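Shown next, in structure tokens, is the structure this report addresses.
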């Protein structure tokens, strides 16, 4: 992970809190924790209760100088803040791993924060290009918090978590389409990083 110490030293002070949204057992989690501690700041992990509601509560109730995590998780957090009207006083966001410019812009606008890009060791699941493009088209909608698309035996299978009362995109013909209304106490991000029972891997099917 390049330039982390340089980035952190620009805005972290002693006893500042940094929320780290990845497994504390992963190489990236350990590295971020060590660099945060090196600055005299306090690393706080979100890696036990993986529900969206838990992340929102932790971010809202416990002021953090910065939040670090993967792009889609941070994008979801920015959408939650806007759609639910919950102010999150986050001024610095550290995006771990590859991140497209439109996602950075959306996070920056949604959270009114400064974006820092970090190259991490997060594993990536190979996704067909047509599925990736469709997923991007769907997730760009502000009404959609999260989506998961796979190519099943009989065609596309799509799961979508959407905010209530909002206009939704037009979905393609699917073998299976499951659109659920967002519940902070129920839904877990589809792009969650690690299986808590096996911290070195992604959660299965995510």
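Numbering (our numbering), first residue to last: 540 to 745. All C-beta atoms in this analysis are idealised placements derived from N, C-alpha and C, irrespective of residue type, glycine included. The structure displayed is predicted, hence computed values, not measured ones.
Coil, strand or helix - residue i by DSSP
i	result
residue 547	helix
residue 669	helix
residue 696	strand
residue 719	strand
residue 618	helix
residue 680	coil
residue 586	coil
residue 725	coil
residue 606	strand
residue 562	coil
residue 627	coil
residue 642	helix
residue 579	coil
residue 572	helix
residue 691	strand
Whether residue i touches residue j by CB criterion (8 Å)
i	j	result
residue 552	residue 602	no
residue 627	residue 607	no
residue 729	residue 687	yes
residue 615	residue 685	yes
Residue burial classification, residue i (beta-carbon count within 10 angstroms, cutoff 16)
i	result
residue 740	The pLDDT assigned to residue 740 is 40, lower than 50, so where the model puts this residue is not dependable; a value taken from the coordinates is nonetheless given after this. Looking at its Cβ environment, which holds fewer than 16 other Cβ atoms inside 10 Å, residue 740 is exposed.
residue 548	exposed
residue 645	buried
residue 639	exposed
residue 559	buried
residue 573	exposed
residue 585	buried
residue 689	exposed
residue 666	exposed
residue 703	exposed
Residue i versus residue j: straight-line alpha-carbon distance, rounded
i	j	result
residue 597	residue 712	38 Å
residue 636	residue 655	11 Å
residue 604	residue 629	6 Å
residue 650	residue 620	7 Å
residue 613	residue 701	16 Å
residue 567	residue 657	10 Å
residue 671	residue 648	23 Å
residue 618	residue 681	7 Å
For the region 703 to 716 and the region 574 to 593, state whether three or more C-beta atom pairs, one from each stretch, are separated by less than 8 Å. no
Inter-stretch contact (C-beta, 8 Å, three-pair minimum) for the region 587 to 607 and the region 716 to 725: yes
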